[in-house]
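Those protein sequences? They're chains B, C, R and Z, same order as listed. At position 508 of the first sequence (counting the first as 1) the number is 488 in the numbering used here, and the numbers step up by one without a gap. At position 423 of the second sequence (counting the first as 1) the number is 403 in the numbering used here, and the numbers step up by one without a gap. So the number in the numbering used here is just where the residue sits in the third sequence, counting from 1, plus 820. So the number in the numbering used here is just where the residue sits in the fourth sequence, counting from 1, plus 820. Quick reminder that beta carbons are idealized off the backbone N, C-alpha and C, glycines included.
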Amino acid sequence: MAVFGSGGRGVMLLGDLLIETAAACGLYGLLTRTYGPEVRGGESACFLRLGSRPFEMMPDALDLVVAFDWSNGEHFQQELQFKPNGWLIYEETVGDLPHWIPPEAVRCPVPWKRLADEIGFGARPNLVVFGALCRLLGLEDEPARAVMTARFGERDVELALRAFEHGAAWAQQAGKWGRRLPAVATDVRRWVLTGNEAIALGALQAGCGFFSGYPITPATDIMEALSRHLPERGGVLVQAEDELAAINMAIGASFAGKRAMTATSGPGFSLMAEGLGLALMAEVPLVVVDVQRVGPSTGIATKTEQADLWAAVASSHGDNPRVVLAPSSVRGCAELTVRAFDIAGAYRVPVVLLSDQFLGGRVEILDPIPLEGMDRCEQTADEHMEAGRRVHPSDPGGADAPTALSGRPGGDCVAESLEHDSSGRPDSSFRTHQFQARRRREKLQALAGEEGWIECCGDASASVALIAWGSTGGVVREAVRAAEAQGTKVKGIILHLLFPAQPEQLERILQGAEVLYVAELSSMAQFFYYLRAFYRLPSRVVSLARPGGIPYRAGELVEALTATGAAIRGAQHE
Amino acid sequence: MAVFGSGGRGVMLLGDLLIETAAACGLYGLLTRTYGPEVRGGESACFLRLGSRPFEMMPDALDLVVAFDWSNGEHFQQELQFKPNGWLIYEETVGDLPHWIPPEAVRCPVPWKRLADEIGFGARPNLVVFGALCRLLGLEDEPARAVMTARFGERDVELALRAFEHGAAWAQQAGKWGRRLPAVATDVRRWVLTGNEAIALGALQAGCGFFSGYPITPATDIMEALSRHLPERGGVLVQAEDELAAINMAIGASFAGKRAMTATSGPGFSLMAEGLGLALMAEVPLVVVDVQRVGPSTGIATKTEQADLWAAVASSHGDNPRVVLAPSSVRGCAELTVRAFDIAGAYRVPVVLLSDQFLGGRVEILDPIPLEGMDRCEQTADEHMEAGRRVHPSDPGGADAPTALSGRPGGDCVAESLEHDSSGRPDSSFRTHQFQARRRREKLQALAGEEGWIECCGDASASVALIAWGSTGGVVREAVRAAEAQGTKVKGIILHLLFPAQPEQLERILQGAEVLYVAELSSMAQFFYYLRAFYRLPSRVVSLARPGGIPYRAGELVEALTATGAAIRGAQHE
Amino acid sequence: MNKRIVSARQAKDYLSTLKPIWCPGCGDFGVLNALTMAFARLALKPEQYVIVSGIGCSSRMPGYLQGYGFHGIHGRALPVATGLKLVRSDLDVIVTIGDGDAYGIGGNHFLHAARRNVDVTCVVMDNRIYAMTKGQLSPTTPLGDVTATTQGGSVEPPLRPLLLALAAGATFVARACSWEPKRLATLLAQGIRHRGFAVIEVLSPCVTFRPEDRTLRERVVWHDREPTHDLLEAMQAALEGDGLTLGLFYQVGRPVFCGESEVHREVPMPKSPRRGLDAVLAALGESAAQD
Amino acid sequence: MNKRIVSARQAKDYLSTLKPIWCPGCGDFGVLNALTMAFARLALKPEQYVIVSGIGCSSRMPGYLQGYGFHGIHGRALPVATGLKLVRSDLDVIVTIGDGDAYGIGGNHFLHAARRNVDVTCVVMDNRIYAMTKGQLSPTTPLGDVTATTQGGSVEPPLRPLLLALAAGATFVARACSWEPKRLATLLAQGIRHRGFAVIEVLSPCVTFRPEDRTLRERVVWHDREPTHDLLEAMQAALEGDGLTLGLFYQVGRPVFCGESEVHREVPMPKSPRRGLDAVLAALGESAAQD
Ligand SMILES: Cc1ncc(C[n+]2csc(CCOP(=O)(O)OP(=O)(O)O)c2C)c(N)n1
Ligand SMILES: Cc1ncc(C[n+]2csc(CCOP(=O)(O)OP(=O)(O)O)c2C)c(N)n1
Ligand code: SF4
Ligand code: SF4
Ligand SMILES: [Mg+2]
Ligand SMILES: [Mg+2]
């Protein structure tokens, strides 16, 4: 279902209440939100999908659309596809329906305004609507009340409950309402999280002790969440003066032995390029989150794209073998954040965690995730240091050497951005540079050799393979299922470790695939070219690349897998 | 030949005088310089090659080495290979020769000190040596005197000439001296330029009207040269407070209608990533020079590497189809700078000119280059604008539209970093983003379709091909010649347009090649992976990648082309 | 049409057709209006000025005005404006940015533009918050305030923008507010006419993320003295009233920045360490002369 | 070995075994010596402090001293030091950088470190030139001077570093010179002991690219008054003598910056706009408690 209306109508609050109630009722669900350029006001919409299994994307068409008004509704026109007999519920007094409402939609005018007025809620009928929708969807009252109480507090909840009940009563009485969702009895207290919250959660669980960031949509809420929770766990959070400071502060804290992180989006990530190289050269562990948005430049701050891939792999001058991880679900956001800290610490390397707005901004109901932080939260491994002997992070013999100042006598070390020898002294000889450049590159081999980073779904023996990364991975999972339902067997592949590349592993998985479709939200087909560079691919590789702004729908991918569709779109990049 | 000694001995001055004199005598030549980490003092060396044809690299072994002292000489040990019977000329009083001097070197102790003392030059015998070397090499006195006069000025030249003559006289009398170089009579007044000076020259000839930069080795002398010459030609130069300011100032000046440029090296280039994306999105022409040095991070500021390739192609978040050009000679530095301005203006796009320390810092004697600047030096094309109609640079119909403010009534336009429609208004709809992202990508197609960007040398029908870019291109030209002299036919290929890629053109050139060797100074084999991503290559591609610090020698490449050598080294990257 | 008619352009004629995305009641509307009034008062033609901005609610300004504009990236408006002004000194260059843009990420450029006395007018719409990104700490957020990123209350003392402008070398330093657009317009007109770096800090409340700043209206006081030439005196005045004194505090004449350009060469050019390029350029000059 | 003996460490014991790359006669030697003297005077153990720098001749300092060090990138020493200090408040964090690092590319960090009162000691070796890159304009190069990038003479008025430090909020502001290492050492020791952002601007001449600065010796004057608590008075004092007055001008106590951390939470935590994460963390907390 979708709910839309101009800002200030409480569309977002309604979405939140619905998904939290659904979670409490034992359902799975997914909530995405779309804003217009206005900071407040302007158009906004949320899309909600509820059911008895987890979802990773919106359906191709909607069962139910709730419209508060029509102002700017045409902006969402592209995203509003009705199912045959999908319902359109709208305020009865708003006048003529706009021309773009498809005729097949079942029209249900409703007197929200009057209902709200009756109880003195005037312009903000959202809680009345909430009550009505709970009845309509079959969400139970008890969980809904609990959700409202948690949200508004004991003091303010009375008023809210009045509105809720008024709406519910009306729906009850209106009779024809009653599309019940399958109520699933469960004991599990499911989580209701956005991808960004999941990253914050992962960081907290991994023992992150320091966060420095600079606000930027759509990454800011990672910092906002940590601002609530990091200090109370003994960590420190700083809003830096810019992204240059943010990454260098994190490097400083990491050198001091704390697990440190920063988070940003494209423009900030570009500014961090030099700092990334410093962390790499000085071998200071670091986690850098990039929640991608539409680029280039300021682009579109509130929408998703996957076009920071090249920058994540290749930004910063010189040879920079860093690690790039990419979650493809909200769950993955939490899990890979923990992994990111572990890898950063173990390899003394910066780890880029590439998320995107579609992951970061959506709310998912998901099963609890066992998140194990590393036992060794502080990076200083005092036990590895024999007093009196300096073991520098650049010492090849010091794989377990302290990565940071230990505060112990004799542990002195100078982190160095110049090329340096194994004891950290600046050294501009070719021999040293050759040795150290190779060591920096090869120390990631163990990681590249790991199994389990490449996810497969669908039919492993299919001759058609579909590969993606990031949030498009979630769409691939659904598209593979949808294709199978239509009788087309597809091997779905999702990469989670983007650098170092794993050509052997992928080759093994690709065995039997005759054609490989590459799905990604990037006009320049960055993933497609990335794959060509680092992997051995089947002889037919077809790019399905298109720019971001709107995530793929499963139907879009399924359709593209048919020869004609693919040939046309892929042509640009082959 | 090589000259080395600790700093303050005038090694660099001696090199300059020798090459300028050689130029005046009608010779071709190449001079490279190596410094230690010390700002002043410490070791320094220069390598000089003179002859009757242009050179692009040092020979594999030296005819002549001049040593002022042995302090820190071992740092250059790796670069000091003597030819059989090569001469070692050294100060007779410095004591024992160091152990690493090969036995085959012919030892020629010389009383520099005494000679210098005789005329009161004490610690700085370089001009005495200059005199002696001119005799030895057969460089004529008249040109030498003219060079000294130009250098020291009428007033100070007397003293210099005394020293010169004293050295010359001694050499004359010492008799056995007299390895004459082939004197080439010529009317052409050849140019004596570094690659960086050639870039400054290209900028001046192209009508560059604005330069903003921030000092960084080895790019600073571009700014220094322009500081001498840009203002007197009506241009403006600013030393910005940092590289972020440098690139944004250039963008501002370009928006105002001037041809604008900035120049930097790796660390600064990383800081410019965000600005590059702004120029791209706002479609403001811009030339950004990156004179590469050893990375990552601060790395080695004074030495060459080719590891900013990925950053040049892929830095900055989002889809950023910019232009990347790479000269492979000093001549190319000048020519491609002019081209860079033309392309930037014609396509309203940022152009990255990727040079490197080996090109930027070496001095070459070269034939004059006809440099034609574009006739249209100011980017504002008033004639294309009909009063009252706004033609925004993002208007697909406005290929010739003013790229900048024209100052004309009705020409109003707002340069925009947000995604925007054809009239420049912010627009976050998917449709607009899709359209504009595609237009930004496709507008470079005309450039990608151009011929002449790929240089070939050697035998076009050879089954072995050797490809490179940048300064390694020069080595390839020499290596192909050397291989041919040894009877091995090789097809040499040098790319000068790195982005957009030209897969069709390269495929045509590669026809008949069974194995492709890829030479580059990058530990991560950036060029090798770049080629795999964007081109169709023969089934056998072998990476010869090694880190920078020292440029390739021709012999190193020739040797690598033999099957065994190549197989071993290439293994890492296949 | 004669000149009289052209110069009789009204304030509202300076508005573009784009509808502001600002929230109803946002202080930035006042600044937009004041700018149009100032332009009208100066009878500027839209092709005579350029509005340069960064990213933020406030930085949307260029789109809402007639004429040339540059909506750049966050924090870099001043360098763009500097480059532009250096090559088009005939244009009035006006920078319209927020507190985050000017004092946060762009602080270094603010410092150096002031030091160099770049001839632009820098209008900072200070709402003491990062509004566009929905309410995070700004360098001017009061100590102790809860924001989205300082949920336990900010522990950072706010920057004193005018003190900074003065210390760095700005030659025209004023503070105004968005809710008195006429007085603001007067200062804007003076600032645009001023030759040198003019800083006009405008209290421009964000009704959405700092509704409490409505009370600023009651707390501001106009400083109606003449601007001083004395740096420390100006600092004192700017600090008065808890930084809520409004007016023009400081104005002095000082050479404006023109970059390294011929005009400024009073020193003889030093000898070049290498002669190559000089010789080539001399040779090219000769041959050009021959053609 | 007992504690007495450990604390009897001599100045020279703080030197590392690395030989400085500096030119003979470089002012930075004096600063190195003064630092060792200050450490000896404070009887610091090498593991009790960290030296953080950027890139430049001056920034080579960490390598030449015993103990932990961070030789980072150009302009970013202060953020590195800030992050480090926030999580290791037990260590003395000393930043040793050049004028380019501090006031050029790093100007914004200088500003904000001062505003926040980050508890580090910032030693700026001001040689009024970019030395490492061989002699280009610095923000402190005197107006009119010829440098490699201002071959027609600089047209930029130099920055007044102490004015800036004071305006931005530094709580310890001093100027010294490299050729009087003992007096410098005294100021360094005071600065290290000071709680808050201590700026010690050191005139440290570059003999190679600004040989003319040898004459500074004759032009400096020590300001021997007690440091004031009054901002404007300190500014006045710092401006005296054409900015060549030496001494400690200003010292005040003000809470040091600790970032957002539990310690500083006096404000009640606002309600979260979304409850998801709070609920999960609460649940995780419970289950952890059960284990
Ligand atoms: C490099 C970069 N970092 C962060 C952002 C995100 N961002 C956009 S506007 C803004 C701050 C807005 O605050 P301010 O400058 O005060 O303007 P306001 O919206 O309050 O008018 C930020 C941090 C960005 N666009 N680019
Ligand atoms: C991002 C970046 N830009 C430029 C440089 C080149 N660079 C190295 S040191 C330096 C300036 C040195 O000046 P200063 O900070 O005053 O130190 P000094 O050498 O004078 O002691 C510069 C510009 C760099 N390393 N990194
Ligand atoms: S969020 Fe604040 S600053 Fe932005 S438009 Fe709304 S009121 Fe104005
Ligand atoms: S160049 Fe100047 S600052 Fe650098 S070491 Fe030499 S004298 Fe010192
Ligand atoms: Mg603001
Ligand atoms: Mg300096």
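With a threshold of 8 Å on Cβ separation, who are the neighbours of Gly1073 of chain R within its own chain once the five nearest residues in sequence on each side are excluded? The answer, listed in chain order, is Thr991, Arg1015, Gly1016.
Pull out every residue of the segment 201 to 217 of chain C whose Cβ sits closer than 7 Å to any Cβ of chain Z, in chain order. Closer than 7 Å at the C-beta level to chain Z, one finds these residues of the segment 201 to 217 of chain C: Met203, Glu204, Ser207, Arg208, Pro211.
Shortest alpha-carbon distance to Pro105 of chain C belongs to which of C:Ala140, C:Arg87, C:Arg131? Across the set C:Ala140, C:Arg87, C:Arg131, the C-alpha of C:Ala140 shows the shortest separation from the C-alpha of Pro105 of chain C.
Bridge partners - Ile231 of chain B, DSSP secondary structure assignment: The partner list for Ile231 of chain B (beta bridge, DSSP) is empty, contrary to what the question assumes.
Here's the rule I'm using: 16 or more other beta-carbon atoms within 10 Å means buried, otherwise exposed. How should Gln830 of chain Z be labelled? Gln830 of chain Z sits exposed, since fewer than 16 C-beta atoms from the chains shown fall within 10 Å of its C-beta.
Using three-state DSSP, classify Ala831 of chain R as helix, strand or coil. Ala831 of chain R: helix per DSSP, three-state reduction.
Should Gly187 of chain C be listed as close to ligand 5, given that the test is whether its C-beta is under 7 Å from any heavy atom? Taking 7 Å as the cut-off, one finds no heavy atom of ligand 5 near enough to the beta carbon of Gly187 of chain C.
Please report the residue range of the beta strand (DSSP E) in which Ile349 of chain C lies. It is not in any beta strand (DSSP E) - Ile349 of chain C carries neither H nor E in the DSSP assignment.
At 7 Å on the CB atoms, spell out the chain B contacts of Lys283 of chain C, in chain order. Taking a Cβ-Cβ threshold of 7 Å, the residues of chain B close to Lys283 of chain C are Ser408, in chain order.
Mind listing which residues of the segment 228 to 244 of chain C have their C-beta closer than 8 Å to chain R's C-betas, in chain order? Taking 8 Å as the Cβ-Cβ cut-off against chain R, the residues of the segment 228 to 244 of chain C that qualify are Asn228, Met229, Ala230, Ile231, Gly232, Ala233, Ser234, Phe235, Ala236, Gly237, Lys238, Ala240.
Range of the contiguous beta strand (DSSP E) that encloses Gly802 of chain R: No answer is possible for residue 802 of chain R: it lies beyond the span of chain R, which begins at 821 and ends at 1111.
Who does Gly(-15) of chain B pair with in a DSSP beta bridge? The partner list for Gly(-15) of chain B (beta bridge, DSSP) reads B:Ser24.
Interface flag, Val394 of chain C vs chain B, CB-CB below 8 Å: No, Val394 of chain C lies away from the interface with chain B (no Cβ there is under 8 Å from its Cβ).
Report the neighbours of Glu254 of chain C on chain R: residues whose CB is nearer than 7 Å to its CB, in chain order. Taking a Cβ-Cβ cut-off of 7 Å, the neighbours of Glu254 of chain C in chain R comprise Ile893, given in sequence order.
With DSSP run on the structure shown, which of helix, strand or coil describes Gly(-5) of chain B? If DSSP states are grouped into helix, strand and coil, Gly(-5) of chain B belongs with the helices.
Within a Cβ cutoff of 6 Å, which residues of the same chain sit near Arg328 of chain C, ignoring the five residues on either side of it in sequence? Setting aside the 5 residues that flank it on each side, Arg328 of chain C is surrounded in the same chain by Glu263, Pro265, Pro373, Thr383, each with a C-beta closer than 6 Å to its C-beta; the list follows chain order.
Can you list the beta strand (DSSP E) stretches of 3 or more residues lying completely in the segment 78 to 147 of chain C, in chain order? Taking 3 residues as the shortest admissible run, the segment 78 to 147 of chain C contains the following complete beta strand (DSSP E) segments, listed from N- to C-terminal end: 86 to 90.
If I measure Cβ to Cβ from Glu435 of chain C and keep anything under 6 Å in the same chain, skipping five residues before and after, which residues do I get? Listed in chain order, the non-local C-beta contacts of Glu435 of chain C below 6 Å within the same chain comprise Ile474, local neighbours out to five positions each way being set aside.
Give me the Cα-Cα distance between Asp97 of chain B and Gln152 of chain B, rounded to the nearest whole angstrom. Computed Cα separation, rounded: 19 Å.
Use the C-beta contact count for Ser909 of chain Z: other C-beta atoms within 10 angstroms, 16 or more gives buried, fewer gives exposed. That one is exposed.
Short of 6 Å in beta carbon distance, which residues of its chain neighbour Leu424 of chain C, apart from the five on each side in sequence? Order them along the chain. The beta carbon of Leu424 of chain C sits closer than 6 Å to those of Pro301, Pro480, all from its chain and outside the five residues before and after it, given in chain order.
At a CB-CB cut-off below 7 Å, which residues of chain C make contact with Val1100 of chain R? Result: Trp171, Leu173, Leu181.
Based on Cα-Cα distance, which residue from B:Pro518, B:Cys26, B:Glu431 lies nearest to Ile447 of chain B? Out of B:Pro518, B:Cys26, B:Glu431, B:Pro518 has the C-alpha closest to the C-alpha of Ile447 of chain B.
For the alpha helix (DSSP H) containing Gly453 of chain C, list its first residue and its last residue. If you look at Gly453 of chain C, you'll find it in the alpha helix (DSSP H) that goes 451 to 465.
Comparing the C-beta of Thr970 of chain Z with each C-beta of chain C, is any distance below 8 Å? Output row for Thr970 of chain Z: interface = yes.
Run the proximity test for Tyr923 of chain R: is its beta-carbon closer than 7 Å to any non-hydrogen atom belonging to ligand 5? For ligand 5, not one heavy atom lies less than 7 Å from the Cβ of Tyr923 of chain R.
What are the boundary residues of the beta strand (DSSP E) that Gly9 of chain C is part of? If you look at Gly9 of chain C, you'll find it in the beta strand (DSSP E) that goes 8 to 15.
Please name the residue in B:Val108, B:Leu305, B:Val172, B:Pro83 whose C-alpha comes closest to that of Pro91 of chain B. Measuring from the Cα of Pro91 of chain B, the nearest candidate turns out to be B:Val108.
Report the residue from R:Pro882, R:Ala985, R:Asp833, R:Gly989 whose alpha carbon sits nearest the alpha carbon of Ala863 of chain R. Sorting R:Pro882, R:Ala985, R:Asp833, R:Gly989 by C-alpha distance to the C-alpha of Ala863 of chain R places R:Asp833 at the top.
Local conformation of Asp946 of chain R per DSSP, three classes: Here Asp946 of chain R carries a strand assignment [DSSP, helix/strand/coil].
Report all residues from its chain with a CB closer than 7 Å to the CB of Gly454 of chain C; omit the five preceding and five following residues, and keep chain order. Cβ neighbours of Gly454 of chain C beyond the five flanking positions: Glu36, Met37, Ser308, Ser309.
Here's the rule: buried if 16 or more other CB atoms are within 10 angstroms of the residue's CB, otherwise exposed. What is Ala426 of chain C? The residue is exposed, with fewer than 16 neighbouring Cβ atoms inside 10 Å.
In angstroms, rounded to a whole number, what distance separates the CA positions of Ala367 of chain B and Cys997 of chain Z? At Ala367 of chain B, the pLDDT of 41 sits below 50, so the modelled position is not reliable; the number obtained from the coordinates is stated separately. Straight-line Cα distance between these residues: approximately 37 Å.
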